[in-house]
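Undergrad: Here it is, the structure in full.
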Amino acid sequence: MLTGLLPKIISPQLALAGIGAYLAWVALDITVFSALQPEDRAAAAGLSVFSLIGGGLVGLLLISAVSALINSSTGYVIAFAAASLPVLLFWRRSKKLIRAAGPDLDARLGVDEDSQSFDEGVSESGQAPILSARNVDFAYGSVQVLFDVSMRVNEGEMVALLGPNGVGKTTLLRVLSGLEKPQGGVVRLAGENVTDLGASRRVTLGLSQIVGGNAVFGSMTVYENLTMYGFSLGRDRASVKAGIEEAFEIFPKIADRRNQLGSTLSGGEQQMLGLSKALITKPKVLVVDEFSLGLAPIVVGELLGMVRELNSRGTAILVVEQSVNVALNLVDRCYFMEKGEIVYEGLSKDLLAQPDLVQTLSLGGVPEKDSPAGPGNDLSTTKADADSKGNYIS
């Protein structure tokens, strides 16, 4: 008798639990979680699982009780209807939550409210940015460091981020790399919104960063440094070996020191080793912070050659550099920062023809609205007249 009774009780319970689970999962679609702060997502996921389990248990008890009192199909119908009521109420409530999350989600994904389309910030030349920041704000505690920063690096382009010490350049790099999370704005990498993604995920999407003076493990040989770097990113042995051999072929000075400890390398050689890592990961964009700091001019010249070689192989480059002359002779475009803001964007070739303007920017000054623009320099602009010209960082 018990064997015949259990299927009658359990079957509708399982059916109800399955329907409830499906509706709850749809209601708590990934779009809702995307609108939540990362620290809130675990709690929201736990709550949804708890609700599913709790709902299933309530349904189990309800149907069991009714089926025990009313041993007929009518009892099952009554129990099913009663148990479905909370599910339907929850479904209506979840739709309200989704609608309420809409504006916040739009802000996170960078959706234009008027066009309801993704603004990828395509440049006037038609190039799509491989890395971009839009309206980014960042603060360390109560101290705001970045103010409404927008910038981009197009595919295959070399860009420099310039300005005096302490204006927020390195902080902006940390936000772009996923080491810091902005309080406002959107960061995109290869067309994907990565604002809430950590550094490791951004590496898998094609971003790599080299920090001046911190790219080498001193107790490992050159070969071991490169091998460990490749394995730490999940590359298989064959691809790591191929990348190392390619690095040694292109950069023979590194090959000559393959068995030398990292701690015995000169500053320039350590930077070369750091840049060589890019040949293992083959990133879409390489971020380099202060690669010429404290190095002799002849060494800087060698490093510039390495950067150009990496760029010629399809890697976009974003450089933070103290030496304005070095940067302007390397990159296609540059941004100048002052007090946490982008105050100028221009083509390097045009800035080289305006030494007075370069000096003003290098000393932390903000150019006047009527400062002369270089020949054909449609992108050279100041923050004050950016909106009116319509060519300030899209």
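Start counting the sequence shown at 1; every next residue gets the next number (full-length UniProt numbering).
Just so it is clear, CB atoms sit at the ideal spot from N, CA and C, and this is done for glycine as well.
(1) Are the beta-carbon atoms belonging to residue 333 and residue 321 less than 8 Å from one another?
(2) Which residue marks the beginning of the alpha helix (DSSP H) containing residue 144, and which one marks its end?
(3) Can you check whether the CB of residue 278 is closer than 8 Å to the CB of residue 286?
(4) Which value, in whole angstroms, describes the spacing of the CA atoms of residue 154 and residue 352?
(5) Between residue 257 and the rest of its own chain, which residues show a CB-CB distance below 6 Å, the 5 nearest in sequence each way excluded?
(6) Using a Cβ distance threshold of 8 Å, determine whether the region 354-361 contacts the region 188-201, with at least three qualifying pairs required.
(7) Runs of 4 residues minimum, wholly inside the region 267-349: which ones carry the alpha helix (DSSP H) assignment?
(8) Scan the region 219-274 and note each continuous alpha helix (DSSP H) run of 4 residues or more that stays entirely inside, going in chain order.
(9) Apart from the five residues just before and just after residue 335, which ones in its own chain have a Cβ nearer than 6 Å to its Cβ?
(10) Could you tell me whether the region 202-212 touches the region 166-182, where touching means 3 or more Cβ pairs closer than 8 Å?
(11) Residues in its own chain within less than 8 Å of residue 115 by CB, not counting five upstream and five downstream?
(12) Counting only the same chain and skipping the five closest in sequence on each side, list residues whose C-beta sits under 6 Å from that of residue 362.
(13) Could you check the C-alpha separation between residue 360 and residue 165 for me, to the nearest Å?
(14) Using the C-alpha atoms, what's the distance from residue 233 back to residue 138?
(15) Ends of the alpha helix (DSSP H) at residue 199?
TA: With the structure as the only source:
(1) no
(2) Careful: residue 144 lies outside any alpha helix (DSSP H), inside the beta strand (DSSP E) at 143-154.
(3) yes
(4) 21 Å
(5) 222
(6) no
(7) 267-276, 278-281, 297-312, 324-328
(8) 222-232, 237-250, 252-255
(9) 151, 161, 342, 345
(10) yes
(11) Unreliable positioning characterises residue 115 in this predicted model, as indicated by a pLDDT of 37, which lies under 50. The coordinate reading is nonetheless provided below. Cβ neighbours of residue 115 beyond the five flanking positions: none.
(12) 324
(13) 15 Å
(14) 28 Å
(15) 199-204
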